[in-house]
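Undergrad: Before we start, here is the structure in question, set down as structure tokens.
There are 2 protein chains.
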Amino acid sequence: MIGVTFPRGFRAAGATGGIKASGRPDVALVVADGLANAAGVFTRSRTAGHPVTLSRAHLAVMGGRARAVVVSSGNANVATGAQGRHDAEEMASEVAAGLGADAVEVLVCSTGVIGVPLPMNAVRTGITACLASLASDGGAAVAEAILTTDNGPKVAQRVVDLAGGQARIGGVAKGAGMIRPDLGTMIAIVTTDAMIGPEQLAEATLGAARRSFNRITVDGCQSTSDSLIVLAGGASGVPVTNGDRPAFDGALAAVCLELALAIVRDGEGARRIGRYDVTGAASFEDADRAARAVAEAQLVRCALHGGDPNWGRIVAALGVCGAAVNVDRIAIAIGDVAIVSGGVFVEGATDRCVEQAAADEVRFSIDLGIGDGSATVWGSDLSPAYVACNAEYTT
Amino acid sequence: MIGVTFPRGFRAAGATGGIKASGRPDVALVVADGLANAAGVFTRSRTAGHPVTLSRAHLAVMGGRARAVVVSSGNANVATGAQGRHDAEEMASEVAAGLGADAVEVLVCSTGVIGVPLPMNAVRTGITACLASLASDGGAAVAEAILTTDNGPKVAQRVVDLAGGQARIGGVAKGAGMIRPDLGTMIAIVTTDAMIGPEQLAEATLGAARRSFNRITVDGCQSTSDSLIVLAGGASGVPVTNGDRPAFDGALAAVCLELALAIVRDGEGARRIGRYDVTGAASFEDADRAARAVAEAQLVRCALHGGDPNWGRIVAALGVCGAAVNVDRIAIAIGDVAIVSGGVFVEGATDRCVEQAAADEVRFSIDLGIGDGSATVWGSDLSPAYVACNAEYTT
């Protein structure tokens, strides 16, 4: 049992509807045995997709409850006008009809190309196939069916010890490109069998997003479709008490972080990832701004790709990131090698960190030397393969 | 006569000092016959280079006057501590000694790698050689000597008709990577023989920067060294009257724009450039934000590289750029082919704009349909060659 069917009380399925020309699975369905408490965090894009708008509305109308989540991959249903809105609604109602539920109990996610109408015949075929094959071990099939340019499936699961017993949390995600989540992510669905109320779940979900998906970047391009949805079915019979919240919230964040890091590692064309720990900033906001600016700077990402300890570009990115910066106080380490101290290069450091700059995960410790603010961001390198992948994606 | 020696009253030179391992020219000098009125616009980076800090201070102390500009290329003299400050000062005093001027009358620009101390012996050798070879046709030598990863020299010149006669404006620039000027540019030096006061010149220079260098982007990475310096020697004897200001300012901006576009065309790894005209925004600021966000979006730049009319990524970038956007009012044209109308794809448009999406310069007209704000930004594509160039630059 992996992913969304690791917790008890959920069934899931993935199927080929025909959206993707490749014939690979492209529709997924996650269903709670009964009405589950549910929370969602979505993209802040002003051109958010119809599925995002619909899922937000359904969660609001239902007061944080949902029965199922349906996902189509290969087409994002964004910028598709009134037809797109109708298609998202139809996805919800087809699923609801099959489950004997109300359409408003169904959440919808779509990911893929923007601006092309959903091929609804293919979507309907996929939904029908999913409804027919729902299984309590369907988590792996969901992980396959939601992928687009990802290289492989991304699942994570945890058992969390609560006062009343053990509860499970399991999740699935997809990523690849257009990854720079802000209060959400590409698409991630997390389930738990813990008993937790809608308000508590919403709070825990937002906290988890902030500690996981909002800490990663692939290409600095925020998507129209970012959606993190958490379903809490309660099948464990174990409640999340107030005293359990740190444990539950931490486990939920850990599952989300594992999925988020899997997305970065599998960023389009990625060869290695950078971990940017900023400390000594004037505030958390400044630290976040600085870490994100460095992680997203194309020149830093090119150097990361080349395994080149080009710390000068980090200083350049810090200078324009908007955070309070005093060049004379900047200290930078790559791995455990101090390479900049007091804003000046440490003699001979480059040779000593060549190996660490070429590791699969390179850790950059950046101390601004000003205050107590700290933040971490993970980002992938920028490679010729990323460009090749995205130079000819639609045509 | 081209570039900075197109106007009368200036001499210039370029020489090989030995900063660049390649042995190509790496020191340049531009000298006015007498003390010229001068204006500068510099990077807003908080980790600006020592040359930027020094030139800003010299211009302030001299009340907008300068005798000469010295440029070293191959090393930016940034994040080099107290030694770097001293080295920039020494560059000014070496030039001043050779000219019989005060050090404070000399402006300094350096461009190249960050964080490595300037090789001052090489710099001194180059300055001495430049002083010995100053010539009234030295503009071409300057254009060569300031280059780093540029493919070729960038000069521009204009004759402007003023009430009292003709005056000349000539300029030189270098660019390539780390190009996302904000109130400045990599390095550009413009000369004129018009008679114009320091305050008027400062105003015209700021206006020209806003209409040229601040409208381009290569990689969204703002540099530590951006400097635009304009010297007005007055050798034409032709004053710029208040009535002449629109003509003079327009010609100055035209020279700057020509240099700026040359920088974009020669962006590292660039195959083609995009022109992003945003109209119908709520304000100029919103239009600027939208045009810049689209021009800098890595996925848009990859599509530009591939000649792929992937307008969906433009909608995605607009959604998160911070400008007021209503997806249902967005209209987009590529060349003269309307591809999005009312936020929805125009049937069959992709086929009709394939050729225009693959032109050397692709024009994107983006109407937000909300207000009267408009702005244009030019940007280059993102290519595997850019990544290759920047994956192994220092080591």
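If you read the protein sequences in the order shown, they are chains A and B.
Numbered by this note's numbering, the letters in the first sequence go through residues 2 to 396 in order.
Numbered by this note's numbering, the letters in the second sequence go through residues 2 to 396 in order.
Idealized CB from N, CA, C, for every residue including glycine.
(1) Go ahead and pull the three-state DSSP assignment for Arg290 of chain B.
(2) Indicate the three-state DSSP secondary structure (helix, strand or coil) for Val241 of chain A in the structure shown.
(3) Ile264 of chain A CB to nearest chain B CB: under 8 Å?
(4) If you reduce the DSSP assignment to three classes, tell me which class Met196 of chain A lands in.
(5) Hey, is Val117 of chain A close to the ligand GDP, as in C-beta under 7 Å from one of its heavy atoms?
(6) Between the Cα of Leu232 of chain B and those of B:Val31, B:His306, B:Glu91, spot the shortest distance and give me the residue it belongs to.
(7) CB-CB under 6 Å to Ile367 of chain B, same chain, minus the five flanking residues each way: which ones, in chain order?
(8) For Glu393 of chain B, return the contacting residues in chain A, with the cut-off set at a CB-CB distance below 8 Å.
(9) Measure the beta-carbon distance from Gln357 of chain B to Ile331 of chain B and round it to whole angstroms, keeping in mind my assumption that it falls under 8 Å.
(10) Under 8 Å between C-beta atoms, does Phe346 of chain A make it to chain B?
(11) Give the interface partners of Ala210 of chain A over in chain B, defined as CB-CB distance under 7 Å, in chain order.
(12) Can you find the residues in the same chain that come closer than 6 Å, C-beta to C-beta, to Gly370 of chain A, ignoring five residues on each side of it along the sequence?
(13) Please tell me whether Gly4 of chain A and Gly234 of chain A are closer than 8 Å, where the distance is taken between their beta carbons.
(14) Excluding the 5 residues flanking Leu119 of chain B on each side, which residues of the same chain have their C-beta closer than 6 Å to its C-beta?
(15) Check each candidate in B:Asp361, B:Ala339, B:Gly343, B:Ala296 and name the one with the smallest Cα separation from Val379 of chain B.
(16) First and last residue of the alpha helix (DSSP H) that includes Trp312 of chain B?
(17) By DSSP, does Phe249 of chain A sit in helix, in strand, or in coil?
(18) For the beta strand (DSSP E) that Gly75 of chain A lies in, which residues bound it at each end?
(19) Establish whether the CB of Thr377 of chain A and some CB of chain B are separated by less than 8 Å.
(20) So if DSSP puts Gln158 of chain A in a beta bridge, which residue, or which two residues, is it bridged to?
(21) Of all the residues that make up the region 38 to 56 of chain A, which are near chain B by a beta-carbon distance shorter than 9 Å?
(22) Quick one: does Leu184 of chain A have its CB under 8 Å from some CB of chain B?
(23) So for Arg272 of chain B, helix, strand or coil by DSSP?
(24) Per DSSP, which residues does Phe365 of chain B bridge with? Please list them.
(25) What is the residue span of the beta strand (DSSP E) that Asp34 of chain A lies within?
(26) Can you pull the chain B residues whose beta carbon is under 8 Å from the beta carbon of Gly64 of chain A, in chain order?
(27) Could you check if Ala164 of chain A is buried or exposed, using at least 16 other CB atoms within 10 Å of its CB as the buried criterion?
(28) Can you give me the C-alpha to C-alpha distance between Leu55 of chain A and Ala104 of chain A, rounded to a whole angstrom?
(29) Return the CA-CA distance between Ala130 of chain B and Ala174 of chain B, expressed in angstroms with no decimal places.
(30) For Glu145 of chain B, I'd like the list of residues in its chain whose CB is within less than 6 Å of its CB, leaving aside the five on either flank, ordered along the chain.
(31) So that I know if they touch, is there some Cβ in chain B lying closer than 8 Å to that of Pro120 of chain A?
(32) Give the DSSP-derived three-state secondary structure of Val345 of chain A in the structure shown.
(33) So what's Cys257 of chain B in DSSP terms, helix, strand or just coil?
(34) Here's a check: name, in chain order, each residue in its chain whose Cβ is nearer than 8 Å to the Cβ of Leu135 of chain A, leaving out the five neighbours to either side.
(35) Just curious, the beta strand (DSSP E) that Leu232 of chain A is in, first and last residue?
(36) Roughly how many whole angstroms lie between the Cα atoms of Thr193 of chain B and Gln167 of chain B?
TA: Reading off the structure:
(1) helix
(2) The answer is coil: DSSP assigns Val241 of chain A none of H, G, I, E or B.
(3) no
(4) In this structure, DSSP gives Met196 of chain A an extended state, which the three-state scheme calls strand.
(5) For the structure depicted, the ligand GDP is absent and the ligand set is empty, with no information on it obtainable.
(6) B:Val31
(7) Excluding residues within five positions, the ones whose Cβ falls inside 6 Å are Val279, Ile333.
(8) Gly307, Asp309
(9) Not really, about 19 Å apart at Cβ, beyond 8 Å.
(10) yes
(11) Neighbours of Ala210 of chain A on chain B: none; closest Cβ ~16 Å, over 7 Å.
(12) Gly281, Arg330
(13) no
(14) Asn76, Asn78, Asp88
(15) In the sequence as displayed, the identity of residue 379 of chain B is Trp instead of Val. Residue B:Ala296 is the option with its Cα nearest to Trp379 of chain B.
(16) Run containing Trp312 of chain B: none; DSSP gives neither H nor E here.
(17) Phe249 of chain A: helix per DSSP, three-state reduction.
(18) 66 to 76
(19) no
(20) Gln158 of chain A pairs with A:Gly171.
(21) Thr44, Arg45, Ser46, Arg47, Thr48, Ala49
(22) Confidence at Leu184 of chain A is low in this model, with a pLDDT of 42, below 50, so the placement of that residue should be treated as unreliable; the coordinate-derived value is given next. It does not; no Cβ of chain B falls within 8 Å.
(23) coil
(24) Phe365 of chain B is bridged by DSSP to B:Tyr277, B:Ile335.
(25) 28 to 43
(26) Within 8 Å Cβ-Cβ: nothing; Gly64 of chain A doesn't reach chain B, min ~28 Å.
(27) exposed
(28) 11 Å
(29) 21 Å
(30) Hits under 6 Å: Gly15, Pro26, Pro154.
(31) no
(32) It is a strand residue.
(33) In the structure shown, Cys257 of chain B sits in a helix (DSSP, three-state: H, G or I).
(34) Arg12, Ala13, Ala14, Leu30, Val32
(35) 228 to 233
(36) 11 Å
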